[in-house]
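*Asks:* Residue numbering for the sequence shown follows this note's numbering, beginning at 90 and increasing consecutively.
For each residue, glycine too, the CB sits at the ideal point set by N, CA and C.
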Amino acid sequence: MSSSDSQSVTSDQPERMKHPLQDEWSFWLLLGDKQNWEDNLVELSNFNTVEDYWCLYHHMKVPSELRLGQDYMIFKKGIQPMWEDPQNKKGGRWLIMLDRLTNAQMDAIWADTVLILIGATLMCTDDISGVVVNVRDKNKISVWMKTNDPESVLEVGRKLRKQFKIPYKFNYYKHNTGKAMYSM
Numbered sequence: 090m091s092s093s094d095s096q097s098v099t100s101d102q103p104e105r106m107k108h109p110l111q112d113e114w115s116f117w118l119l120l121g122d123k124q125n126w127e128d129n130l131v132e133l134s135n136f137n138t139v140e141d142y143w144c145l146y147h148h149m150k151v152p153s154e155l156r157l158g159q160d161y162m163i164f165k166k167g168i169q170p171m172w173e174d175p176q177n178k179k180g181g182r183w184l185i186m187l188d189r190l191t192n193a194q195m196d197a198i199w200a201d202t203v204l205i206l207i208g209a210t211l212m213c214t215d216d217i218s219g220v221v222v223n224v225r226d227k228n229k230i231s232v233w234m235k236t237n238d239p240e241s242v243l244e245v246g247r248k249l250r251k252q253f254k255i256p257y258k259f260n261y262y263k264h265n266t267g268k269a270m271y272s273m
């Protein structure tokens with residue numbers, strides 16, 4: 090081995106270590122400007138490390154900067170952000186209405202919710218599909234679950250309620266129903 094070979098192995102540049110997440114995630118945008126809902130859905134990027142998430146976060150608009158009718162969605166890789174996806178069919182969502190919050194509060198709750206999910210800090214992480222923020226006249230954030238199992242659903246609801254000290258009810262809905270199964 091020559092001295093030049095040894096220099097290339099012991100480079101002075103520090104190796105950048107990335108911190109892997111438990112799951113790989115996909116970042117989606119719903120454009121809200123086409124007739125067909127699926128034609129509005131755009132997969133923006135995928136990430137599986139803390140550093141890659143923060144890189145995306147710092148280059149994306151915050152939810153309050155999106156146009157009315159647009160959504161951000163972050164779902165586990167391989168799960169489409171729609172009720173019809175096989176991994177979502179038997180589940181539902183915790184829905185948090187944010188209609189009386191400022192834009193800054195909405196952006197903060199979105200960021201916190203995403204960090205809770207991708208950081209796998211909830212007990213039932215395998216039962217969670219993703220998170221959606223709907224930018225509307227009455228903004229909403231929802232945490233999507235793969236199951237309607239009461240133990241998992243209520244555990245996630247309690248964690249969300251504890252995390253966000255906002256004076257609104259959190260309601261859990263099975264997909265394709267308008268009636269709340271649980272409220273907190």
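#1: Check the DSSP bridge columns for Asn228 and list the partner residues they point to.
#2: Beta strand (DSSP E) containing Arg182: first to last residue?
#3: So the candidates are Ile163, Asn129, Gln159 and Gln111; which of them puts its Cα closest to the Cα of Val232?
#4: Among all the DSSP beta bridges, which residues are the ones paired with Lys248?
#5: Can you have a look at Met234 and say buried or exposed, based on whether 16 or more other CB atoms are within 10 angstroms of its CB?
#6: At which residue ranges does the segment 121-184 contain complete beta strand (DSSP E) runs of 3 or more residues, listed in the order of the chain?
#7: Helix, strand or coil: how does DSSP classify Asp196 here?
#8: Pick out whichever of Val221, Asp216, Val220 and Tyr257 has its Cα sitting closest to the Cα of Asn237.
#9: Quick test of the definition: if touching needs 3 or more C-beta pairs under 8 angstroms, does the segment 184-193 touch the segment 109-122?
*Replies:* This is what the structure gives:
#1: Partner(s): none; Asn228 has no beta bridge.
#2: Per DSSP, the unbroken beta strand (DSSP E) holding Arg182 starts and ends at Gly181 to Met186.
#3: Ile163
#4: Per DSSP, none; premise fails for Lys248.
#5: buried
#6: 130-138 and 160-165
#7: helix
#8: For the options Val221, Asp216, Val220 and Tyr257, the alpha carbon positioned closest to that of Asn237 is the one of Asp216.
#9: no
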